[in-house]
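Numbering-wise (the numbering used here), the sequence shown opens with residue -2 and increments by one. Ideal placement from N, C-alpha and C gives every residue a C-beta, glycine not left out. Quick notes on the structure that follows.
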Amino acid sequence: MEPVPTLPTLEEVGREAFTGNVWIVELLDADPLRFAVEDGRLVFADGHRRFDGDAPPRYRASVRAVREGFDLGALFEAADDPTAYTFVCDATVHRHLPYDWERLPAVVGVEVHDAAVDRWLSPDAAVRVYDRLGLATPHAFERELPARHFYPDRYDTPASAWYDGPPAGILVRDKNGTRAVRYHPEFDPEAPVATDRRDPETLVAEYVTEARIVRVASVLQGDDPGFEALFDRVLDAVFRETPAVVDEADRRAFRSAAAERVRRWQG
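The structure is reproduced here in structure tokens:
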């Protein structure tokens, strides 16, 4: 898989680096998730390492969203060599911003690399690929804005599409591969991400709430979802949406306490 593209700031790149038309999209406060096709199946990685075996807990919802939403058959039909592509996405997990988790997709497709020509697809081409293959793409503030009309110092960043507040920033790309970000003044990408490492029973009481169980159950097909399907997705939601962190030694106790709470809700 190709590495995640570096994202310099607009100040580092300069307005004059952009040519043609630019796309300006909402920059999400997210973790990178990469995937590709190997031996006819999807394989996953974060920004640094490949996932061997199960994905880390905070990525489970995003990996599940790819597996359930990505049309692998369409890729095989459209591409001469499906293994040539690296897909770079945002795994929308708990970091700093209080997103509306019910509306924000668990995975958002941002970039596509084609190894056959050794280049990243243009923003419009990447959107078409993700649309055809069944994954969401970033909210676009501007599409095909002539670069000569883009003045970063005059550009007022709109509100986030995914919660009531400002976005993490903007991502600006042209069709020649130039990309840069500008962070919102209220957002600090270097701020530490809060974690909650209390004992498993406390974490379950705090985060495996009836409201979360009801919300997860409502998106499953049928009025009475099976226990395993509901339980797995409730756990995915907890680790995606909250600062809960469970060390490996405590995972059995956490799962047992969470399972009891889900069973009690199901009656």
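Status (buried if at least 16 other CB within 10 Å, exposed otherwise) for residue i
i	result
F41	buried
R38	exposed
L217	exposed
D68	exposed
P143	exposed
G264	exposed
P197	buried
F84	buried
S215	exposed
V114	exposed
Residue j beta carbon less than 8 angstroms from that of residue i
i	j	result
A191	P120	no
P2	W117	yes
E108	A123	yes
R328	V213	Residue 328 is absent from the model: the chain starts at -2 and stops at 264.
D28	A103	no
A255	L227	no
R129	A208	no
F147	A165	no
G66	D171	no
V63	F32	yes
V60	V169	no
H45	A188	no
V34	P79	yes
R12	P182	no
V10	T199	no
Own chain partners of residue i with C-beta closer than 8 angstroms, once the 5 adjacent residues on each side are dropped
i	result
R100	W159
D51	R57
P95	Y160 and G162
A234	A58, W98, R209, R212 and V213
V105	L25, A27, C86, D87, T89, L132, A133, T134 and P135
Contacts around residue i, its chain only, beta-carbon distance under 6 angstroms, and the 5 residues preceding and following it disregarded
i	result
R237	A58 and V90
I167	I21, L24, T154 and R179
A112	A81
R55	V90 and F236
P222	A214
A110	Here residue 110 turns out to be His, not Ala, going by the sequence shown. Excluding positions up to five away in sequence, the list reads E(-1), T83 and W117.
Cut-off 7 angstroms between Cβ atoms - residues of its own chain near residue i, not counting five sequence neighbours on either side
i	result
T6	A177, V178 and R179
R258	V201 and V205
Bridge-paired residues (DSSP) for residue i
i	result
D87	P29 and V105
L24	G166
H110	T83 and W117
L142	V19
Y180	G166
V40	A33
R47	A42
A241	D193
T6	V178
A122	Paired residues: none, contrary to the question.
A137	V22
D171	V19
Interface flag, residue i vs chain B, CB-CB below 8 angstroms
i	result
T3	You won't find chain B in this structure, because it holds only one protein chain.
Report task. Mind the definition here: the segment 70 to 86 touches the segment 242 to 262 only if three or more C-beta pairs lie below 8 angstroms; say whether that holds. Result -> They do not touch, by the three-pair rule.
**Report entry** Three or more C-beta pairs below 8 angstroms linking the segment 228 to 246 and the segment 200 to 207
**Finding:** Taking 8 angstroms as the limit for Cβ pairs, the verdict is that the segment 200 to 207 does touch the segment 228 to 246.
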